[in-house]
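Here is the structure we will look at.
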Amino acid sequence: MFEKLGNFVAKRRKGVFILFIIGILVSGGLGSQAFSRFDSGGYSDPSSDSAKVAEYLQDTFDVRNPSIVMAVHTKGGSINDPDVVTSAEELESQIRNDSNTDKVISYWSSGNSPFLKSKDGTSGLMFVYLKTTDFTETDKLGGQYQEKYNGTYKNLAVYVSGEAVFANAINGNIQEDLKVAEFISIPLTFLLLLLVFGALVASAMPLVIGVTAIIGTFFVMYLLTLFTDVSIFVLNLTTGLGLGLGIDYALLIVNRFREELAKGLSKESAIVNTMKTAGKTVFYSGLTVVVTLISLMFFPLNFLKSMGYAGASVVALAVFGALIPLPALLVMLGEKVNKGRVRRGALIQREDGRWAQVARFVMRKPITVVAASLAILFFFISPIGNAKFGQVDTDQLPATDRAYISSQFIAEQFPGEEGNPIEIIFPNGSSQPAEISAFTNQLSSVVGIARVGAPQVVGNAVRVEAVQLMKPRTPASEALIEEIRALPSPDGMLVGGVAADYADTQGAIADTLPIVFGWVVLIVLLLLFAFTGSLILPIKAILLNFLSLAATIGVLWWVFGEGNLQSVVGDFIVTGIIDTNMMVLVAIVAFGLSMDYEVFLLSRIKEEHDAGRSNTESVAIGLQKSARIITAAAFILAIVFAAFVTSGVTAIKLLGFGVAFAILLDATLIRALLVPALMRLFGERNWWAPKALKRFQINH
């Protein structure tokens, strides 16, 4: 198959490359429109009780959450002082008359509601409801209202927060941080490619494929935004994977093509041989990563689904770019791919170089190496026992961000989460007044509940509102929701609101994880068996990847959960939890990338073993021929993701640091030490599989 593909591309190289250029221009033009269509939500399970409550509130009770929450603080005195009342009413009138405002509810317009008054009586709340419900518009307006009203108004200090403001702050930070990350990673990546290839033209090829994979993915994301919501966080994942894997795959193809040319082959024969070897490796490697990332689509949360869409798309496009337009371009260039040489000896391929010596040293003392490597891994894993997982909140923003400062002020000044109440719906509540009364009496005495509102009846449905003391997206609020749901209650009761949404989301992730890991293990086992013809190698690969993943989670908790290494990763707010969604994302991406490098390494080892070499020699020579490329690919990908550590958004820092650490750990401790040591211990049994299964191996 790959030989035929190589012949086809070689013969139709100009037509293939022209179509590629046209596709990139079209994708770039349409894909750029996706940026304004991304949202910062997607953390809810649409099939949960809290989602059903949200439907009841909107459809039956005509209730929606305020888009903007303002705290109006007096600079001295009480919020009931005449001059303060006058200023507050003027501010409220100004906001109400804004063309984008639907309605405003405040302490002053609600008849001095005690629930909208701060503990010390120096601040009052204003809830602003916008006319639009479109996310893109709401996001934009959140920034406009913050810009217009946050700060000082006459004798008042105004703190602007709320969902729209938070969304605008997150989106703005991510887009600005992405520019910084690209400014850092692209030049460093090119310098590393120049070091590996030693020639300017060859070094540019992988970078071109990486960038075009990103452009193509933004086009796919634009198409998806026409039918579903897509998270703003796909920007970082697309850039990281597109640039990193696009370069990795292209690096493998370009390197092998130059090797074949150095043997004296024609450019057409060189590309055919390249496709039979490196092309097959890229295909299987990419396929392994794609099926791993597809597992993110199993989660009901749109945030993780978005990552699955973007991740699978960008990897598939990176593979496509490396197997179709890149070979066409290489055949067109021929020997010119070596132009602009800045380093001699880059093409010399030795069978007994530094990496072969490392492999032979490791295989002389395999038990010692395995024991030492496992000790290091378990040292990294050890903090995992203390890990706690939660969800994204305003704490993800930099401490200097106005949205964060406002949210903290509101949290400190007001005794309960008035803007984020627990919403309880009784669908048939009109026929259950006694049961509801008994339930609300019990609810009032639950620790953590600030107040319980009077029942509201519309048709058969009854709504009860309760305000909790703690922030809604925390483990404490999750425990509170579980306690409320465990109370004796009328039939059909539904508990919703932000805290319940958080609890339902955590539950949905936990329920889906076994399915996800089952899918990943099964599919990876099948693919690696088809690629290697071995049953032992896939099992070892999966076990090592889980160890590497556990080590990554342990280190992430030590850094982001406990607040260590801030001098390295930059300042962030230590909350004592790790964001569950980002941890799942890091785990799936890291697992996929680990399999990527496993295929890179096994490909060359298998090539040597199939040529008749012993297991030991196959490992040594295979590592020698692949380690330089694997190491370069790993460092490039690590640089791309490590650049995200410069972000002010903690979740993006975590993504960048987590993936970079996992990649470097995998390329050094796992691939350079553990894999050769274990292959030496297993010997020829590495290639064992039952005869009945051998017929399922795919030969090319």
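Numbers in the working numbering are just positions in the sequence shown, counted from 1, shifted up by 1.
Where is the CB? At the ideal position from N, CA and C, for every residue including glycine.
What residues are listed by DSSP as bridge partners for G144? Position 143 of the sequence shown holds residue 144. The partner list for G144 (beta bridge, DSSP) is empty, contrary to what the question assumes.
Are the Cβ atoms of S68 and L126 separated by less than 8 Å? Residue mapping note: residue 68 aligns to position 67 of the sequence shown, counting from 1. Residue mapping note: residue 126 aligns to position 125 of the sequence shown, counting from 1. No, Cβ-Cβ distance for S68 and L126 is not below 8 Å.
Q. Got a sec? Which residues, its chain only, sit under 7 Å from R686 by beta carbon, not counting five neighbours each side?
A. Here residue 686 is taken as the residue at index 685 of the sequence shown, counted from 1. Result list for R686: I537, in chain order.
CB-CB under 8 Å to R65, same chain, minus the five flanking residues each way: which ones, in chain order?
-> Position 64 of the sequence shown, counting from 1, holds the residue named residue 65. The answer, listed in chain order, is L58, Q59, Y130, T134.
For a test of the three-state rule: what should DSSP assign to R1, helix, strand or coil? Because residue 1 is not part of the residues shown, which for the chain are 2 to 701, the question remains open.
Exposure label - M2; buried when at least 16 CB within 10 Å
Mapped onto the sequence shown, residue 2 falls at position 1. With fewer than 16 Cβ atoms within 10 Å of its Cβ, M2 is classed as exposed.
Can you tell me where the beta strand (DSSP E) holding R257 begins and where it ends?
Residue numbering aside, residue 257 sits at position 256 when the sequence shown is read from its first letter. Per DSSP, R257 belongs to no beta strand (DSSP E); it is in the alpha helix (DSSP H), 235 to 263.
Along the chain, where does the alpha helix (DSSP H) containing R464 start, and where does it finish? Counting from 1 along the sequence shown, the entry for residue 464 is found at position 463. No alpha helix (DSSP H) contains R464, which is instead part of the beta strand (DSSP E) from 462 to 469.
Task: Minimum length 4: unbroken alpha helix (DSSP H) runs contained in the stretch 373 to 397 - done: Counting only runs of at least 4 residues, the stretch 373 to 397 fully encloses no alpha helix (DSSP H) element at all.
- Helix, strand or coil for M2 per DSSP? In the sequence shown, counting from the first residue as 1, residue 2 sits at position 1. Reduced to three states, the DSSP call for M2 is coil.
Could you have a look at R452 and say whether DSSP puts it in helix, strand or coil?
-> Translated into the one-based positions of the sequence shown, residue 452 becomes position 451. Strand, per DSSP.
Margin query: Suppose you measure from the CA of H610 to the CA of L602; what does that come to, to the nearest Å?
Written below: Within the sequence shown, numbered from 1, the residue matching residue 610 stands at position 609. Within the sequence shown, numbered from 1, the residue matching residue 602 stands at position 601. Approximately 12 Å between the Cα atoms of the pair.
Check: Grouping DSSP H, G and I as helix and E and B as strand, with all else coil, what is V105?
Finding: Locating residue 105 in the sequence shown gives position 104, where the first residue counts as 1. The answer is strand: DSSP assigns V105 an E or B state.
> Using the C-alpha atoms, what's the distance from V290 back to L682?
Replying inline: Indexing the sequence shown from 1 puts residue 682 at position 681. Indexing the sequence shown from 1 puts residue 290 at position 289. When rounded, the distance between both Cα atoms is 28 Å.
Exercise. Have a look at M596, G460, N387, F362 and flag the residue whose alpha-carbon is nearest the alpha-carbon of P677.
Key: On the sequence shown, residue 677 is found 676 positions in, with the first residue counted as 1. The shortest Cα separation from P677 among M596, G460, N387, F362 belongs to F362.
*Report whether the distance from the Cβ of L538 to the nearest heavy atom of the ligand FAD is below 7 Å.*
Absent from the structure shown: the ligand FAD. Ligands present: none.
Practice item. Could you tell me whether the stretch 459 to 479 touches the stretch 23 to 37, where touching means 3 or more Cβ pairs closer than 8 Å? Key: no
Counting C-beta neighbours from all protein chains within 10 Å, is the total for I349 16 or more, i.e. buried, or is it exposed? Against the sequence shown, residue 349 aligns to sequence position 348. Caution applies to I349, whose pLDDT of 49 falls short of 50 and renders its modelled position unreliable; the model cannot decide the point.
| request: Look up A347 in the DSSP assignment and say whether it is helix, strand or coil. | output: The residue you call residue 347 lines up with position 346 of the sequence shown. Here the model assigns A347 a pLDDT of 49, short of 50, so the residue's position is not dependable, and the following value carries that caveat. Coil, per DSSP.
Exercise for review: Counting only runs of 4+ residues fully inside the stretch 564 to 622, write out the alpha helix (DSSP H) ranges in chain order.
Suggested key: 567 to 570, 581 to 611
TODO: Could you check what DSSP says for Q176 in three-state terms: helix, strand or coil?
DONE: One-based indexing of the sequence shown puts residue 176 at position 175. Collapsing the DSSP output to three states places Q176 in a helix.
Margin query: I'd like the span of the alpha helix (DSSP H) that includes T513, first residue to last.
Written below: Taking the sequence shown and counting its residues from 1, one reaches residue 513 at position 512. Per DSSP, T513 belongs to the alpha helix (DSSP H) from 499 to 533.
**Study point:** Endpoints, the beta strand (DSSP E) within which Y160 is located
**Key:** On the sequence shown, position 159 is the one that residue 160 refers to. Annotation for Y160: the continuous beta strand (DSSP E) segment containing it runs 157 to 162.
Exercise. Between D249 and the rest of its own chain, which residues show a CB-CB distance below 6 Å, the 5 nearest in sequence each way excluded?
Worked result: Counting from one through the sequence shown, the residue named residue 249 turns up at place 248. A634.
| request: Using DSSP bridges, identify the partner residues of F128. | output: Residue 128 sits at position 127 when you count from the first residue of the sequence shown. Bridge partners of F128: V70, I106.
Below 8 Å on the Cβ atoms is my contact criterion, and I expect I426 with A372 to pass it. Report the Cβ-Cβ distance as a whole number of Å.
In the sequence shown, counting from the first residue as 1, residue 426 sits at position 425. In the sequence shown, counting from the first residue as 1, residue 372 sits at position 371. Their Cβ separation, rounded to whole angstroms, is 58 Å, which puts I426 and A372 out of contact at 8 Å.
| What three-state label does DSSP hand T133 in the structure shown? | Within the sequence shown, residue 133 is the residue found at index 132, counting from 1. In the structure shown, T133 adopts coil according to DSSP, grouped into three states.
- My understanding is that S124 touches I80, with C-beta atoms under 8 Å, so please give their C-beta distance in whole angstroms. For the purposes of this step, residue 124 is taken as residue 123 along the sequence shown, with counting starting at 1. For the purposes of this step, residue 80 is taken as residue 79 along the sequence shown, with counting starting at 1. S124 to I80, Cβ: 7 Å. Contact.
Q: Can you give me the start and stop residues for the alpha helix (DSSP H) that E93 sits inside?
A: In the sequence shown, counting from the first residue as 1, residue 93 sits at position 92. From DSSP, the alpha helix (DSSP H) with E93 extends over 83 to 97.
- Who are the near neighbours of H701 in its chain, counting only those whose CB is closer than 8 Å to its CB and skipping five residues on each side? Along the sequence shown, read from residue 1 onward, the residue named residue 701 stands at position 700. Bear in mind that the predicted position of H701 carries a pLDDT of just 46, short of 50, making it unreliable; the figure below should be weighed with that in mind. The answer, listed in chain order, is M2, F3, E4, K277, K281.
Problem set entry | Chain-order list of residues whose beta-carbon lies under 6 Å from that of R605 (same chain, five-residue window excluded) | Taking the sequence shown and counting its residues from 1, one reaches residue 605 at position 604. Closer than 6 Å at Cβ, skipping near neighbours: G623, K626, S627.
- [ ] Tell me whether the beta-carbon of G657 lies closer than 8 Å to the beta-carbon of S648.
- [x] Position 656 of the sequence shown, counted from the start, is the residue given in the question as residue 657. Position 647 of the sequence shown, counted from the start, is the residue given in the question as residue 648. Their beta carbons are under 8 Å apart, which means G657 touches S648 by this criterion.
Thinking just about the alpha-carbon of each residue, which of V166, I510, V499, F662 is nearest to the one in T139?
-> Against the sequence shown, residue 139 aligns to sequence position 138. Of V166, I510, V499, F662, the residue nearest in Cα terms is V166.
Review point. Going straight from the alpha carbon of E164 to that of V105, what length do you get?
Key: As a working note, residue 164 is residue 163 in the sequence shown. As a working note, residue 105 is residue 104 in the sequence shown. Going by the C-alpha atoms only, they are around 15 Å apart.
By alpha-carbon positions, which one of I295, I637, G577 ends up nearest to L194?
Residue numbering aside, residue 194 sits at position 193 when the sequence shown is read from its first letter. Minimum Cα distance to L194 is reached at I637.
Quiz item: So, using beta-carbon positions, are F136 and D63 closer together than 8 Å?
Solution: Sequence index remark: in the sequence shown, residue 136 carries index 135 (1-based). Sequence index remark: in the sequence shown, residue 63 carries index 62 (1-based). No.
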